[in-house]
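In the UniProt record's numbering, the protein residues as written are 1 to 77.
In this text, a Cβ means the ideal position worked out from N, Cα and C, and glycines have one as well.
Predicted, not measured: the structure shown is a model, and the values here were computed from it.
Below is one structure, written out as C-alpha coordinates; comments come after it.
Structure representation (C-alpha coordinates):
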(Lines of atoms letter the chains of each structure in order from A and count residues from 1; the text may use other names and numbers.)
(Lines give C-alpha, C1' and ligand atoms only; values in the text may rest on other atoms or scores of the structure.)
Protein backbone atom coordinates (compact mmCIF):
# COMPACT_ATOMS: atom_id res chain seq x y z
CA UNK A 1 0.00 0.00 0.00
CA UNK A 2 1.30 3.46 -0.81
CA UNK A 3 0.39 6.93 0.40
CA UNK A 4 0.30 10.16 -1.54
CA UNK A 5 2.40 13.02 -0.18
CA UNK A 6 1.60 16.47 -1.46
CA UNK A 7 3.47 19.73 -1.71
CA UNK A 8 2.48 23.18 -2.89
CA UNK A 9 4.53 25.98 -4.39
CA UNK A 10 3.04 29.47 -4.29
CA UNK A 11 4.14 32.15 -6.76
CA UNK A 12 4.31 34.77 -4.02
CA UNK A 13 4.71 37.72 -6.39
CA UNK A 14 1.40 36.92 -8.13
CA UNK A 15 -0.60 36.10 -4.98
CA UNK A 16 -3.11 38.75 -3.86
CA UNK A 17 -3.87 37.16 -0.50
CA UNK A 18 -7.54 36.54 -1.33
CA UNK A 19 -7.62 33.54 1.09
CA UNK A 20 -9.70 31.32 -1.20
CA UNK A 21 -7.02 28.63 -1.01
CA UNK A 22 -7.04 28.76 2.78
CA UNK A 23 -10.78 28.09 2.87
CA UNK A 24 -10.52 25.32 0.24
CA UNK A 25 -7.75 23.35 1.99
CA UNK A 26 -9.25 20.37 3.86
CA UNK A 27 -6.12 19.92 6.02
CA UNK A 28 -5.55 23.60 6.97
CA UNK A 29 -2.09 23.55 5.41
CA UNK A 30 -2.16 27.09 4.01
CA UNK A 31 -2.05 30.42 5.85
CA UNK A 32 -1.32 34.01 4.94
CA UNK A 33 2.25 35.08 5.60
CA UNK A 34 2.56 37.02 8.82
CA UNK A 35 4.49 40.30 8.62
CA UNK A 36 5.64 39.54 5.06
CA UNK A 37 4.37 41.08 1.83
CA UNK A 38 5.15 40.55 -1.84
CA UNK A 39 6.34 43.17 -4.33
CA UNK A 40 2.77 44.48 -4.71
CA UNK A 41 2.27 44.90 -0.95
CA UNK A 42 -0.05 41.92 -0.40
CA UNK A 43 0.29 39.31 2.33
CA UNK A 44 0.63 36.11 0.36
CA UNK A 45 -0.40 32.51 0.95
CA UNK A 46 2.21 30.01 2.10
CA UNK A 47 2.32 26.42 3.32
CA UNK A 48 2.21 26.84 7.09
CA UNK A 49 2.05 23.07 7.73
CA UNK A 50 3.61 21.48 4.62
CA UNK A 51 3.86 17.99 6.15
CA UNK A 52 0.05 17.81 6.34
CA UNK A 53 -0.49 18.34 2.60
CA UNK A 54 -2.24 15.44 0.85
CA UNK A 55 -1.93 16.86 -2.68
CA UNK A 56 -5.68 17.19 -3.26
CA UNK A 57 -5.12 20.32 -5.45
CA UNK A 58 -8.20 22.11 -4.06
CA UNK A 59 -6.10 25.20 -3.45
CA UNK A 60 -4.77 25.29 -7.00
CA UNK A 61 -8.23 24.82 -8.47
CA UNK A 62 -9.81 27.74 -6.59
CA UNK A 63 -6.91 30.18 -7.00
CA UNK A 64 -8.17 32.90 -9.37
CA UNK A 65 -4.65 33.89 -10.41
CA UNK A 66 -3.22 30.37 -10.80
CA UNK A 67 -0.49 31.11 -8.25
CA UNK A 68 -0.40 27.63 -6.73
CA UNK A 69 1.27 24.57 -8.21
CA UNK A 70 0.53 21.25 -6.52
CA UNK A 71 2.94 18.33 -6.60
CA UNK A 72 2.14 14.75 -5.63
CA UNK A 73 4.56 11.99 -4.72
CA UNK A 74 3.74 8.37 -4.05
CA UNK A 75 5.40 7.05 -0.88
CA UNK A 76 5.73 3.30 -0.46
CA UNK A 77 5.13 1.97 3.03
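Taking one beta carbon from each stretch, the segment 52-60 and the segment 11-19 have fewer than 3 pairs nearer than 8 angstroms; the two do not touch. For residue 58, the enclosing alpha helix (DSSP H) covers residues 58-62.
With fewer than 16 other CB atoms across the displayed protein chains lying within 10 angstroms of its CB, residue 66 is exposed. Along the length of the UniProt domain "4Fe-4S ferredoxin-type" (6-35), whole beta strand (DSSP E) runs at least 3 residues long occupy 30-32, reported in chain order. Counting only the Cα atoms, residue 73 lies some 25 angstroms from residue 33.
Residue 10 counts as buried, since no fewer than 16 other beta carbons sit within 10 angstroms of its beta carbon.
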